[in-house]
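K.L.:
Going by this note's numbering, the first residue of the sequence shown is number 4, and it counts up by one from there.
Quick reminder that beta carbons are idealized off the backbone N, C-alpha and C, glycines included.
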Amino acid sequence: MDSILVTGNGPLNGQIPIAGAKNACLTLMPATLLSEEPLTLTNAPRLSDIKTMTALLRSLGAEVSSLQDGQVIAMSSHSLTSQTADYDIVRKMRASNLVLGPLLARFGQAVVSLPGGCAIGARPMDLHVEGLEALGAEIELKDGYLHAKAPGGLKGAVHEMRFASVGATENIVMAATLAKGTTVLKNAAREPEIVDLVECLRKMGAQISGEGSSTIEIQGVDRLHGATHQVVTDRIELGTYMLAPAICGGEVELLGGRMALVESFAAKLDAAGVSVTETQNGLKVARKNGRVQAVDVVTEPFPGFPTDLQAQMMALMCTAEGTSVLEERIFENRFMHAPELVRMGANIEVHGGTATVTGVETLKGAPVMATDLRASVSLILAGLAAEGETTVSRVYHLDRGYEHVVRKLEGVGAKIERIKGE
Ligand code: EPZ
4 MDSILVTGNG PLNGQIPIAG AKNACLTLMP ATLLSEEPLT LTNAPRLSDI KTMTALLRSL
64 GAEVSSLQDG QVIAMSSHSL TSQTADYDIV RKMRASNLVL GPLLARFGQA VVSLPGGCAI
124 GARPMDLHVE GLEALGAEIE LKDGYLHAKA PGGLKGAVHE MRFASVGATE NIVMAATLAK
184 GTTVLKNAAR EPEIVDLVEC LRKMGAQISG EGSSTIEIQG VDRLHGATHQ VVTDRIELGT
244 YMLAPAICGG EVELLGGRMA LVESFAAKLD AAGVSVTETQ NGLKVARKNG RVQAVDVVTE
304 PFPGFPTDLQ AQMMALMCTA EGTSVLEERI FENRFMHAPE LVRMGANIEV HGGTATVTGV
364 ETLKGAPVMA TDLRASVSLI LAGLAAEGET TVSRVYHLDR GYEHVVRKLE GVGAKIERIK
424 GE
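(1) Please find out if some non-hydrogen atom of the ligand EPZ comes closer than 7 Å to the beta-carbon of N26.
(2) In three-state terms, what does DSSP make of L246?
(3) If you draw a straight line from the alpha carbon of S216 to that of V398, how long is it in whole angstroms?
(4) Could you pull out every residue in the same chain whose Cβ sits closer than 6 Å to the Cβ of H131, ignoring the five residues on either side in sequence?
(5) Do you know whose CA, among Q74, H81, M316 and Q71, lies nearest L60's CA?
(6) Rounding to the nearest angstrom, what Cα-Cα distance links E163 and T374 in this structure?
(7) Tell me whether R97, by its Cβ, gets closer than 7 Å to a heavy atom of the ligand EPZ.
(8) Would you kindly work out how many angstroms separate the C-alpha atoms of G355 and R238, rounded to a whole number?
(9) Any chance the CB of R432 is under 7 Å from a heavy atom of the ligand EPZ?
(10) Which same chain residues end up closer than 8 Å to G414 when comparing Cβ atoms and leaving out the 5 residues on each side of it in sequence?
(11) Which same chain residues, not among the five before or five after E220, have their C-beta less than 6 Å away from its C-beta?
(12) Quick one, which of E392, L382 and L36 has its alpha-carbon nearest M207's?
(13) Mapping the DSSP letters down to three states, classify A314 as helix, strand or coil.
(14) Using C-beta distances below 6 Å, list every residue in its chain close to V409, excluding the 5 sequence neighbours before and after it, in chain order.
(15) Would the beta-carbon of H340 fall within 8 Å of that of M317?
(16) State yes or no: is the C-beta of S327 within less than 8 Å of the C-beta of A297?
(17) Decide if V161 is buried, meaning its Cβ has at least 16 other Cβ atoms within 10 Å, or exposed.
(18) Please tell me whether, using a cut-off of 7 Å, the distance from the CB of A171 to the nearest non-hydrogen atom of the ligand EPZ is below it.
(19) From I393 to A140, what does the alpha carbon distance come to, in whole angstroms?
(20) Bridge partners of R126, per DSSP?
(21) Which runs of the alpha helix (DSSP H), 4 residues or longer, sit entirely within the region 275-302?
(22) Tell me whether H340 counts as near the ligand EPZ, meaning its Cβ is closer than 7 Å to at least one heavy atom of that ligand.
(23) For the alpha helix (DSSP H) that contains Y405, what are its first and last residues?
(24) Threshold first: 4 residues or longer. Then list the alpha helix (DSSP H) segments lying entirely within the region 328-370, N to C.
(25) Taking only the alpha-carbon atoms, compute the straight-line gap between M78 and Q86 and give it to the nearest angstrom.
(26) Using the Cβ count rule (16 or more neighbours within 10 Å means buried), how would you classify S68?
(27) With a threshold of 7 Å on Cβ separation, who are the neighbours of E425 within its own chain once the five nearest residues in sequence on each side are excluded?
(28) Between A90 and S116, is the Cβ-Cβ spacing less than 8 Å?
(29) Quick check on R403: buried or exposed, where buried means 16 or more other Cβ atoms within 10 Å of its Cβ?
(30) What would DSSP say about C321, mapped onto helix, strand or coil?
(31) Look up Y119 in the DSSP assignment and give the residues it is bridged to.
(32) Drop a sphere of 10 angstroms on the beta-carbon of N100, count the other beta-carbons inside from all chains shown, and report buried for 16 or more, exposed for fewer.
(33) Given that a residue counts as buried once 16 or more other Cβ atoms are within 10 Å of its Cβ, and exposed if not, what is K291?
(34) Starting from M372, follow its DSSP beta bridges and name the residues at the other end.
(35) Quick check on DSSP: helix, strand or coil for A191?
(36) Is M128 near the ligand EPZ - that is, is its Cβ less than 7 Å away from at least one heavy atom of it?
Structure follows, in structure tokens:
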């Protein structure tokens, strides 16, 4: 397994291009199942999760071509051969469950493996099931697979989700586009990736309104046609790299960044003493003066502070002046980066869903291990600011969500290299 060697090297300066959003692409790709006409995505990120979704769609019989070095994905599900998403693919990536709604809507049946737990939590699918059952689907759990059918097709309904689940919102909205009648989805998730999905579905002929608010209304149509859609900028990659000049000093411009994608995160950085300003090409980030100040963080559904930036923010707080309390309200086990940061000299106490971080002047480089996608990059950030060398192992986690991370950070002056493993 490869590892990444980072050596603290002072302030960072320059530009980092931000790619298309992994979590938008992973819901846009299954949308191809809703139509027999081609769907093409541009500005797609080059990530292993995208390769996994490609393999899944191909296993169903869809044609998926990766063009222009992976930045364009041309798909067609004109003649599918299966409606079963196998455990061996789904267990690798939970987002595989996003084929459930589209398969049900187009074919009236789907067999999708439960994803099983993952490092950050149990991650059940009860909210997906409840929403699809509200649309008339009959779903039973057998041998670890959800067996779903809607023999007479799905029917529009009014449904309120118990929690604003991103994936459940995406599955229900995609299914509702081909249901008979109107669906009103209440307490819907408001993430920009859902807005991006709806914009793509609308290009395919879907009739949807309210995306980005808590209530989304979908008028079912008989069929959807093909489209071409540009994947929205990745706000989590954006937020991650905004933290690089925050933790190291210097000034970095994030190309393609938009303030609307990271409003609450940018406000938190501002409170910590990090300026974020919009430029013609993106967002420019720099410390306002000297050491950053500790701030408290509570993770919430969008537009609140993103859970996917909690680990990275913790790395910054490890070097802040004062004490920061980070509360993780979305996932039950998302502090696995904490013990690794402690190995670097951080002062962190974790009690249940709360981590208390007392900043230290400097972190010390050390060998650390990535445990999940966002934890892996928080260790890279800490290594950028630490004295000496940090080796982050198991970087396959990183490859799931960050394209060309070494090249992007080298480009702003970081001392970082990938070490080929056996
Ligand atoms: C999406 O996961 C993202 N993944 C996650 O990003 C992100 O952390 C999460 O939304 C929250 O923003 C993709 O978009 C591919 P949820 P998802 O359904 O849809 C519980 C990353 O790092 N829940 O909003 O799975 C669940 O256990 C990944 O890029 C139920 O209880 O998130 C969790 O505690 C990690 N029942 C909470 O809700 C359900 O049926 C949020 O889950 C569904 C979810």
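P.N.:
Answer, in terms of the structure:
(1) Within the sequence shown, numbered from 1, the residue matching residue 26 stands at position 23. Correct: N26 has its Cβ closer than 7 Å to the ligand EPZ.
(2) Counting from one through the sequence shown, the residue named residue 246 turns up at place 243. Note: L246 maps to helix in three-state DSSP.
(3) Looking up residue 216 in the sequence shown gives position 213. Looking up residue 398 in the sequence shown gives position 395. Our two residues, S216 and V398, have alpha carbons roughly 36 Å apart in a direct line.
(4) Within the sequence shown, residue 131 is the residue found at index 128, counting from 1. Around H131: A171 and N174.
(5) To locate residue 60, count along the sequence shown from 1; it is residue 57. Minimum Cα distance to L60 is reached at H81.
(6) Taking the sequence shown and counting its residues from 1, one reaches residue 163 at position 160. Taking the sequence shown and counting its residues from 1, one reaches residue 374 at position 371. Each residue's Cα considered, the two are about 34 Å apart.
(7) Along the sequence shown, one-based indexing puts residue 97 at 94. Yes - the ligand EPZ has a heavy atom lying nearer than 7 Å to the Cβ of R97.
(8) Here residue 355 corresponds to residue number 352 of the sequence shown, with the count starting at 1. Here residue 238 corresponds to residue number 235 of the sequence shown, with the count starting at 1. Spanning the two alpha carbons is a distance of roughly 27 Å.
(9) A query on residue 432 cannot be resolved here, the shown segment of the chain reaching from 4 to 425 and no further.
(10) The sequence position of residue 414 within the sequence shown is 411, counting from 1. Cβ neighbours of G414 within its own chain (closer than 8 Å, five residues either side excluded): G17, Q18 and I19.
(11) In the sequence shown, residue 220 corresponds to position 217, counting from 1. Here E220 has V187, S212 and G213 as same chain residues with Cβ atoms under 6 Å from its own Cβ, once five neighbours each way along the sequence are excluded.
(12) Locating residue 207 in the sequence shown gives position 204, where the first residue counts as 1. Selected option, being the one with the closest Cα: L36.
(13) The sequence position of residue 314 within the sequence shown is 311, counting from 1. Three-state DSSP puts A314 in a helix.
(14) Within the sequence shown, numbered from 1, the residue matching residue 409 stands at position 406. Take V409, set aside five residues on each side of it, and the residues of its chain with a beta-carbon closer than 6 Å to its own are I419 and R421, in chain order.
(15) By 1-based counting over the sequence shown, the position of residue 340 is 337. By 1-based counting over the sequence shown, the position of residue 317 is 314. When the beta-carbon positions are compared, H340 and M317 come within less than 8 Å of each other.
(16) The residue labelled residue 327 in the question sits at position 324 within the sequence shown. The residue labelled residue 297 in the question sits at position 294 within the sequence shown. Yes. Within cutoff.
(17) For the purposes of this step, residue 161 is taken as residue 158 along the sequence shown, with counting starting at 1. With fewer than 16 Cβ atoms within 10 Å of its Cβ, V161 is classed as exposed.
(18) Working through the sequence shown from its first residue, we reach residue 171 at position 168. It does: the Cβ of A171 is within 7 Å (strictly closer) of some heavy atom of the ligand EPZ.
(19) One-based indexing of the sequence shown puts residue 393 at position 390. One-based indexing of the sequence shown puts residue 140 at position 137. In the sequence on display, residue 393 carries Thr and not Ile. Going from the Cα of T393 to the Cα of A140 covers about 51 Å.
(20) Mapped onto the sequence shown, residue 126 falls at position 123. DSSP, once it has assigned bridges, lists no residue as partnering R126.
(21) The region 275-302 contains no whole alpha helix (DSSP H) run of 4 or more residues.
(22) Mapped onto the sequence shown, residue 340 falls at position 337. No, Cβ of H340 sits at least 7 Å from all heavy atoms of the ligand EPZ.
(23) Against the sequence shown, residue 405 aligns to sequence position 402. Unbroken run through Y405: none, as it is neither H nor E.
(24) Complete alpha helix (DSSP H) runs here, min 4: 340-346.
(25) Taking the first residue of the sequence shown as position 1, residue 78 is located at position 75. Taking the first residue of the sequence shown as position 1, residue 86 is located at position 83. If you take the alpha carbons of M78 and Q86, they lie about 17 Å apart.
(26) Taking the first residue of the sequence shown as position 1, residue 68 is located at position 65. With fewer than 16 Cβ atoms within 10 Å of its Cβ, S68 is classed as exposed.
(27) Counted from its first residue, the sequence shown places residue 425 at position 422. None.
(28) Within the sequence shown, residue 90 is the residue found at index 87, counting from 1. Within the sequence shown, residue 116 is the residue found at index 113, counting from 1. Note on residue identity: the sequence assigns Tyr, not Ala, to residue 90. Against a cut-off of 8 Å, the Cβ pair of S116 and Y90 comes out as a contact.
(29) Residue 403 sits at position 400 when you count from the first residue of the sequence shown. Per the 10 Å Cβ criterion, buried.
(30) Taking the first residue of the sequence shown as 1, we reach residue 321 at position 318. DSSP, read as helix, strand or coil, puts C321 in coil.
(31) Walking along the sequence shown from the start, residue 119 turns up at place 116. The question names Tyr, yet the displayed sequence has Gly at residue 119. According to DSSP, G119 bridges with nothing at all.
(32) Reading the sequence shown from its first residue, position 97 is the one you call residue 100. Around the Cβ of N100, a 10 Å sphere holds 16 or more other Cβ atoms; the residue is buried.
(33) As a first step, residue 291 is located in the sequence shown; it is residue number 288 there, counting from the start. Exposed: under 16 other Cβ atoms inside 10 Å.
(34) Locating residue 372 in the sequence shown gives position 369, counting from the first residue. The partner list for M372 (beta bridge, DSSP) reads S396.
(35) Numbered from its first residue, the sequence shown carries residue 191 at position 188. Here DSSP, grouped into helix, strand and coil, assigns A191 to coil.
(36) In the sequence shown, the residue the question calls residue 128 occupies position 125. Yes; taking the cut-off as 7 Å, the Cβ of M128 has a heavy atom of the ligand EPZ nearer than that.
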